[in-house]
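Visitor: Please find one structure pasted underneath; my questions will follow.
There are 2 protein chains.
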Amino acid sequence: MADDFRYRQLADQLRQQIEQGVLRVGERLPSVRQLSRERGISVTTAFRAYYDLEARGLIVARPQSGYYVQSAGSRPGPVPRTSQPRPMATPITISEAMRSLARGWSQPDLVDLAVAVPSLDLLPQAKLNKSLLTAVRQLPDSGLGYEATAGSPELRRQIARLSFNGGSRVSADEVVVTNGCLEAITLALRATTRPGDVVAVESPTYYGILQAMEGMGVRAYELPTDPQTGPELAALEQAIRKEAIRAVVLTPTFSNPSGYCMSDDRKAALVNLLARYDLPLIEDDIYGETYFGSVRPRTCHSFDTAGRVLLCSSVSKTLAPGYRVGWVLAGRYQEAVIRAQLMQTISPATITQAAIADFLRIGRFDLHLRKLRAALQKHMLTYLDAILTSFPDGTTVSRPNGGFVLWVELPEGYSAAAMLARAVDAGITFYPGHLFTTQPQYAACLRIAYGHPPTVAYLDGLKQLGRLWQQT
Amino acid sequence: MADDFRYRQLADQLRQQIEQGVLRVGERLPSVRQLSRERGISVTTAFRAYYDLEARGLIVARPQSGYYVQSAGSRPGPVPRTSQPRPMATPITISEAMRSLARGWSQPDLVDLAVAVPSLDLLPQAKLNKSLLTAVRQLPDSGLGYEATAGSPELRRQIARLSFNGGSRVSADEVVVTNGCLEAITLALRATTRPGDVVAVESPTYYGILQAMEGMGVRAYELPTDPQTGPELAALEQAIRKEAIRAVVLTPTFSNPSGYCMSDDRKAALVNLLARYDLPLIEDDIYGETYFGSVRPRTCHSFDTAGRVLLCSSVSKTLAPGYRVGWVLAGRYQEAVIRAQLMQTISPATITQAAIADFLRIGRFDLHLRKLRAALQKHMLTYLDAILTSFPDGTTVSRPNGGFVLWVELPEGYSAAAMLARAVDAGITFYPGHLFTTQPQYAACLRIAYGHPPTVAYLDGLKQLGRLWQQT
Chain X
1 MADDFRYRQL
11 ADQLRQQIEQ
21 GVLRVGERLP
31 SVRQLSRERG
41 ISVTTAFRAY
51 YDLEARGLIV
61 ARPQSGYYVQ
71 SAGSRPGPVP
81 RTSQPRPMAT
91 PITISEAMRS
101 LARGWSQPDL
111 VDLAVAVPSL
121 DLLPQAKLNK
131 SLLTAVRQLP
141 DSGLGYEATA
151 GSPELRRQIA
161 RLSFNGGSRV
171 SADEVVVTNG
181 CLEAITLALR
191 ATTRPGDVVA
201 VESPTYYGIL
211 QAMEGMGVRA
221 YELPTDPQTG
231 PELAALEQAI
241 RKEAIRAVVL
251 TPTFSNPSGY
261 CMSDDRKAAL
271 VNLLARYDLP
281 LIEDDIYGET
291 YFGSVRPRTC
301 HSFDTAGRVL
311 LCSSVSKTLA
321 PGYRVGWVLA
331 GRYQEAVIRA
341 QLMQTISPAT
351 ITQAAIADFL
361 RIGRFDLHLR
371 KLRAALQKHM
381 LTYLDAILTS
391 FPDGTTVSRP
401 NGGFVLWVEL
411 PEGYSAAAML
421 ARAVDAGITF
431 YPGHLFTTQP
441 QYAACLRIAY
451 GHPPTVAYLD
461 GLKQLGRLWQ
471 QT
Chain Y
1 MADDFRYRQL
11 ADQLRQQIEQ
21 GVLRVGERLP
31 SVRQLSRERG
41 ISVTTAFRAY
51 YDLEARGLIV
61 ARPQSGYYVQ
71 SAGSRPGPVP
81 RTSQPRPMAT
91 PITISEAMRS
101 LARGWSQPDL
111 VDLAVAVPSL
121 DLLPQAKLNK
131 SLLTAVRQLP
141 DSGLGYEATA
151 GSPELRRQIA
161 RLSFNGGSRV
171 SADEVVVTNG
181 CLEAITLALR
191 ATTRPGDVVA
201 VESPTYYGIL
211 QAMEGMGVRA
221 YELPTDPQTG
231 PELAALEQAI
241 RKEAIRAVVL
251 TPTFSNPSGY
261 CMSDDRKAAL
271 VNLLARYDLP
281 LIEDDIYGET
291 YFGSVRPRTC
301 HSFDTAGRVL
311 LCSSVSKTLA
321 PGYRVGWVLA
331 GRYQEAVIRA
341 QLMQTISPAT
351 ITQAAIADFL
361 RIGRFDLHLR
371 KLRAALQKHM
381 LTYLDAILTS
391 FPDGTTVSRP
401 NGGFVLWVEL
411 PEGYSAAAML
421 ARAVDAGITF
431 YPGHLFTTQP
441 QYAACLRIAY
451 GHPPTVAYLD
461 GLKQLGRLWQ
471 QT
């Protein structure tokens, strides 16, 4: 009982410090051992205090790093509900809206909450430059000549190794290098669908995927999707039975924008379901390595034994967006993917492939990823807190365990599209919810990317967004 | 009369020297001034002798360089006739044949007469490396971040400047940078056509263009094409009247494979014809800078006043295939092209764009091109001679005034496809004629690329091809 009292007392003290801003969002708490020494309590008591605060959503554990303040006392609100798109195939016409949207965003000092990329200071610039110079020196032609269409042999080997982290066992021969993840998805669509086909997607779904699908001329069938657990498999099966679904495109690990990560069980169930109907899954795994937990989530691809899953990824979210190095593990569709690439871009740039191969080969990637994940989690927590404290009451926000984005749902009646114009005038950008769907929905939703560190300017930007909403 | 006699005598002497191999193919003849001094004749007489030899096809003038031996006395034979494809739209299914063809070609010491790229020793490797390092140093993010979808502003400015050579006057804003010329053509097709449309092309036509069209799901209408003057405009107009032609794709300047360069008059007439029917022209100008004559041929784009010509090009044939830097001047279709790129690859690699921009900015391109053109012309003449002397009687060969390829037509009954298997066994590759069409034609034709210097190995390879034909 004395122990019970002690841990509650300690937890209360820490809670007050957090609420009063003595301990600030993103700050690290003392280690359990340190706390036990300082307060003269047992390690168990210290642990129990932290467990209590964690359960309240005030602090969060980060593997091999310790506990961090997650929220300034405003207990995290509920997350957005499961989406409810209409069960029907819809033609896609999003690219025009996207283009006209981004046209005006050329001011230099934008608070960019729109684009989901890591800010430059999260990237290993000096070490990548070193790898680039090594590549120029070591390639007999300095990278002037064409690379093979399937990609640099050494890079393919490194990607095969990296895929092992997500549970996939592939040889270098099974990797096709692409111009970033979007080309990987485009090629996967070309290999598996024809214009007019229906493709099932999560809802909301990443606008880039919708654009790739628009380019391919396929229609979208949006699935009810929970921002914690992912798309409803029963709804998918109904769709397959009702419509001639030809392929499924999902981002099962840290989906963009809704943030869910499907459990291993659900990933396996999805792969089994599609096997029963002999349908391909295009798995966007671009965020797979940016997990905040202690374990790299497995990919759907790792559960697939029949080559039906086309895993698409890239280094654009972890190393260098501008290098345009992505890949696809295309299973039984590999030949079709390579043929599609010969119709489109022939091969990605030789020199950037060689630079990434060198960077991966010398083993710098692991250390870099550990730093990147910790930074992103801190960004996420700080952004989350700023949104919860400054946005209108009733706002719900996703709780991603990886990736780059928060999905924010305001109470009904708010219009993210209308807000955006005023936000841009104030030098702030984000992507409004209607870009993530082919249906008239998500008008009160928006996506906030947290790739940029929560500097004063960015936190002020979020607060200002909050004020602009309140004035609506 | 004495002068007449003298120049004929001199021409005869030189002709004998050439036929006996004293003067060898590709060698430079003495300058007119030097010849006049050495032989004690007037400069006019020396000129007339050279004119005579040039008229016989034995020597050729190269601007600002002098006269070179073109043929070892076997007077250049006739060129292939105007093609006669059937006047009909045909679906395209070439990509599978292309893939299965190139699969076996992985031996290291291949005599590669197939791929139409400059050999490494024709490229300014050291200077491009320098530009690459400058780019890494000067870009604030070393090229890690995304470039704008339309491309690097400085590169777009340089491309606008370069386009002036072909007679086009565009601003940097009118340039869209792409992943090489093939992506430019793919995007141009996406911007102007829909699956199922009919697109008019020259015949034979480059297999890469056919693959891009296959990827787009359009059908090809092949036009009768003369290897000297280009496609027949009357046939094009008939096709437009007969079929719902939606776009035209041509390589009007040093076409690949047939080698023609349309005259300025015919280019202007083509642009006017398409204007009357309000049809877009996708102009592949990738070889435009590799002219052997004294003047850069004008582009069709330069005659266009209504933004209907989409000019596609790249540095893949002149600087660095592996950099994957191309572009399109898309006129009224610019927005559609950018939208198509957002559906496909987002943008080309940042660092290679910056390197090419630097190389173009510091003015190294002109000097490099002068050397490249002279080398290519010499290659062409030497290859031409080797083919004419070793291939079966009745073989005709194109006479390109630029570009990288010869189009060779053997007498009826020969099969290039059948020959290829035996050639590959002997370590020699080329592309057989049937890859350049959607119809059952060009079985006795092949394309020989002369990007590689005519080394002993390459000349032996050509001779061996000749022997293999003779044995057929």
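Just so you know, the sequences run in chain order X and Y.
Position 380 of the first sequence, counting from 1, maps to 380 under the UniProt record's numbering, and the rest follow consecutively.
Position 417 of the second sequence, counting from 1, maps to 417 under the UniProt record's numbering, and the rest follow consecutively.
Ideal Cβ placement from N, Cα and C applies to all residues, glycine included.
Just curious, the alpha helix (DSSP H) that residue 183 (chain Y) is in, first and last residue?
Guide: Sequence index remark: in the second sequence, residue 183 (chain Y) carries index 183 (1-based). It spans 180-192 - the alpha helix (DSSP H) in which residue 183 (chain Y) sits, taken as one unbroken run.
Visitor: If you count every other CB in all the chains shown that lies within 10 Å of the CB of residue 1 (chain X), and 16 or more means buried, which is it?
Guide: Locating residue 1 (chain X) in the first sequence gives position 1, where the first residue counts as 1. Per-residue confidence for residue 1 (chain X) stands at a pLDDT of 49, beneath the threshold of 50, marking its modelled position as unreliable; the derived number appears in the next sentence. Answer is exposed; the Cβ neighbour count stays below 16.
Visitor: Around the C-beta of residue 256 (chain X), are 16 or more other C-beta atoms found within 10 angstroms, so that it is buried, or is it exposed?
Guide: The residue given as residue 256 (chain X) occupies position 256 in the first sequence. Residue 256 (chain X) is buried by the Cβ-count criterion.
Visitor: Kindly examine the ligand MN and report whether one of its heavy atoms sits closer than 7 Å to the Cβ of residue 290 (chain X).
Guide: You won't find the ligand MN in this model; it holds no ligand whatsoever.
Visitor: How far does the alpha helix (DSSP H) with residue 469 (chain X) in it extend, from its first residue to its last?
Guide: By 1-based counting over the first sequence, the position of residue 469 (chain X) is 469. The continuous alpha helix (DSSP H) containing residue 469 (chain X) extends over residues 456-471.
Visitor: If we ignore side chains and look at the alpha-carbon of each, how far apart do residue 197 (chain Y) and residue 406 (chain X) end up?
Guide: Taking the first residue of the second sequence as position 1, residue 197 (chain Y) is located at position 197. Taking the first residue of the first sequence as position 1, residue 406 (chain X) is located at position 406. One C-alpha to the other measures close to 42 Å.
Visitor: Counting only beta-carbon atoms, is residue 147 (chain X) nearer than 8 Å to chain Y?
Guide: For this step, residue 147 (chain X) is matched to residue 147 along the first sequence. So, interface residue.
Visitor: For residue 6 (chain Y), which of helix, strand or coil comes out of DSSP?
Guide: Against the second sequence, residue 6 (chain Y) aligns to sequence position 6. Three-state DSSP puts residue 6 (chain Y) in a helix.
Visitor: Please name the residues in the region 192-216 of chain Y whose beta-carbon is closer than 7 Å to at least one beta-carbon of chain X, in chain order.
Guide: 195, 211, 212, 214 and 215
Visitor: Chain A partners of residue 183 (chain Y), CB-CB under 7 Å?
Guide: Among the protein chains in the structure shown, which are X and Y, there is no chain A.
Visitor: Could you tell me the distance, in whole angstroms, from the CA atom of residue 242 (chain Y) to the CA atom of residue 25 (chain Y)?
Guide: In the second sequence, counting from the first residue as 1, residue 242 (chain Y) sits at position 242. In the second sequence, counting from the first residue as 1, residue 25 (chain Y) sits at position 25. Going by the C-alpha atoms only, they are around 48 Å apart.
Visitor: Inspect the CB distances between the region 201-210 of chain Y and the region 364-382 of chain Y and report whether three or more fall short of 8 Å.
Guide: no
Visitor: Would DSSP call residue 330 (chain X) helix, strand or coil?
Guide: Here the question's residue 330 (chain X) lines up with position 330 in the first sequence. Note: residue 330 (chain X) maps to coil in three-state DSSP.
Visitor: In chain X, which residues lie with their C-beta within 9 Å of the C-beta of residue 403 (chain Y)?
Guide: For the purposes of this step, residue 403 (chain Y) is taken as residue 403 along the second sequence, with counting starting at 1. Correct list: empty, because the minimum Cβ distance to chain X is about 18 Å.
Visitor: For chain Y, check one thing: does any of its Cβ atoms lie closer than 8 Å to the Cβ of residue 338 (chain X)?
Guide: Numbered from 1 along the first sequence, position 338 holds the residue referred to as residue 338 (chain X). Chain Y contact via Cβ: present.
Visitor: With a CB to CB cut of under 8 Å and the five nearest residues on each side skipped, what residues in its chain are close to residue 13 (chain X)?
Guide: Here residue 13 (chain X) is taken as the residue at index 13 of the first sequence, counted from 1. So no residue of the chain qualifies.
Visitor: Quick check: is the beta carbon of residue 320 (chain Y) nearer than 8 Å to any beta carbon in chain X?
Guide: Within the second sequence, numbered from 1, the residue matching residue 320 (chain Y) stands at position 320. Closer than 8 Å to some Cβ of chain X, the Cβ of residue 320 (chain Y) qualifies, so yes.
Visitor: Starting from the C-beta of residue 226 (chain Y), find all residues in its chain whose C-beta is less than 6 Å away, skip the five residues before and the five after it, and write them out in chain order.
Guide: The sequence position of residue 226 (chain Y) within the second sequence is 226, counting from 1. If we look at residue 226 (chain Y) and ignore the five residues flanking it on each side, its Cβ neighbours are 82.
Visitor: Which complete alpha helix (DSSP H) runs does the region 83-114 of chain Y hold, if anything under 4 residues is left out?
Guide: 95-102
Visitor: How long is the line joining the alpha carbons of residue 146 (chain X) and residue 449 (chain Y), rounded to whole angstroms?
Guide: Taking the first sequence and counting its residues from 1, one reaches residue 146 (chain X) at position 146. Taking the second sequence and counting its residues from 1, one reaches residue 449 (chain Y) at position 449. Whole-angstrom Cα-Cα distance: 16 Å.
Visitor: Alpha carbon to alpha carbon, how far is residue 246 (chain X) from residue 387 (chain Y)?
Guide: Walking along the first sequence from the start, residue 246 (chain X) turns up at place 246. Walking along the second sequence from the start, residue 387 (chain Y) turns up at place 387. Each residue's Cα considered, the two are about 51 Å apart.
Visitor: If you follow the beta strand (DSSP E) that residue 206 (chain X) is in, where does it begin and where does it stop?
Guide: One-based indexing of the first sequence puts residue 206 (chain X) at position 206. Note, residue 206 (chain X): premise wrong, no beta strand (DSSP E); not H, not E.
Visitor: Is there a Cβ of chain X sitting closer than 8 Å to that of residue 457 (chain Y), yes or no?
Guide: Taking the second sequence and counting its residues from 1, one reaches residue 457 (chain Y) at position 457. Closer than 8 Å: no.
Visitor: What residue range is occupied by the uninterrupted beta strand (DSSP E) comprising residue 294 (chain Y)?
Guide: The residue labelled residue 294 (chain Y) in the question sits at position 294 within the second sequence. Run containing residue 294 (chain Y): none; DSSP gives neither H nor E here.
Visitor: Would you mind reading off the limits of the beta strand (DSSP E) that contains residue 248 (chain X)?
Guide: By 1-based counting over the first sequence, the position of residue 248 (chain X) is 248. Residues 245-250.
Visitor: Please tell me whether residue 335 (chain Y) has its Cβ less than 8 Å away from any Cβ of chain X.
Guide: Residue mapping note: residue 335 (chain Y) aligns to position 335 of the second sequence, counting from 1. It does: the Cβ of residue 335 (chain Y) has a partner Cβ on chain X nearer than 8 Å.
Visitor: Taking the CB atoms as reference points, tell me whether residue 325 (chain X) and residue 344 (chain X) lie closer together than 8 Å.
Guide: Mapped onto the first sequence, residue 325 (chain X) falls at position 325. Mapped onto the first sequence, residue 344 (chain X) falls at position 344. In this structure, residue 344 (chain X) does not lie closer than 8 Å to residue 325 (chain X) by Cβ.
Visitor: Using only the alpha-carbon positions, how far apart do residue 10 (chain Y) and residue 398 (chain Y) sit?
Guide: Position 10 of the second sequence, counted from the start, is the residue given in the question as residue 10 (chain Y). Position 398 of the second sequence, counted from the start, is the residue given in the question as residue 398 (chain Y). Rounded to whole angstroms, the separation of the alpha carbons of residue 398 (chain Y) and residue 10 (chain Y) is 29 Å.
Visitor: Against chain Y, which members of the region 119-142 of chain X pass a CB distance test of less than 7 Å?
Guide: Here the close residues are 120, 123, 125, 128, 129, 132, 136, 141 and 142.
Visitor: So is residue 163 (chain X) buried or exposed if we call it buried at 16+ other beta carbons inside 10 Å?
Guide: To locate residue 163 (chain X), count along the first sequence from 1; it is residue 163. Buried: at least 16 other Cβ atoms inside 10 Å.
Visitor: Beta carbon of residue 86 (chain X), beta carbon of residue 439 (chain X): below 8 Å?
Guide: Locating residue 86 (chain X) in the first sequence gives position 86, counting from the first residue. Locating residue 439 (chain X) in the first sequence gives position 439, counting from the first residue. It is a contact, given that the beta carbons lie within the stated cut-off.
Visitor: Which residues does DSSP list as the beta-bridge partners of residue 396 (chain Y)?
Guide: Stepping through the second sequence from its first residue, residue 396 (chain Y) is reached at position 396. Residue 396 (chain Y) is bridged to Y:409.
Visitor: Here's the rule: buried if 16 or more other CB atoms are within 10 angstroms of the residue's CB, otherwise exposed. What is residue 272 (chain X)?
Guide: In the first sequence, the residue the question calls residue 272 (chain X) occupies position 272. Under this definition residue 272 (chain X) is an exposed residue.
Visitor: What number of angstroms, rounded off, separates the C-alpha of residue 389 (chain X) from the C-alpha of residue 466 (chain X)?
Guide: Taking the first residue of the first sequence as position 1, residue 389 (chain X) is located at position 389. Taking the first residue of the first sequence as position 1, residue 466 (chain X) is located at position 466. Near 8 Å, if we compare the C-alpha coordinates of residue 466 (chain X) and residue 389 (chain X).
Visitor: Output yes if chain X places a C-beta closer than 8 Å to the C-beta of residue 473 (chain Y); else output no.
Guide: What is shown of chain Y runs 1 to 472, which leaves residue 473 (chain Y) out entirely.
Visitor: Can you pull the DSSP bridge partners for residue 60 (chain X)?
Guide: Reading the first sequence from its first residue, position 60 is the one you call residue 60 (chain X). Partner(s): X:68.
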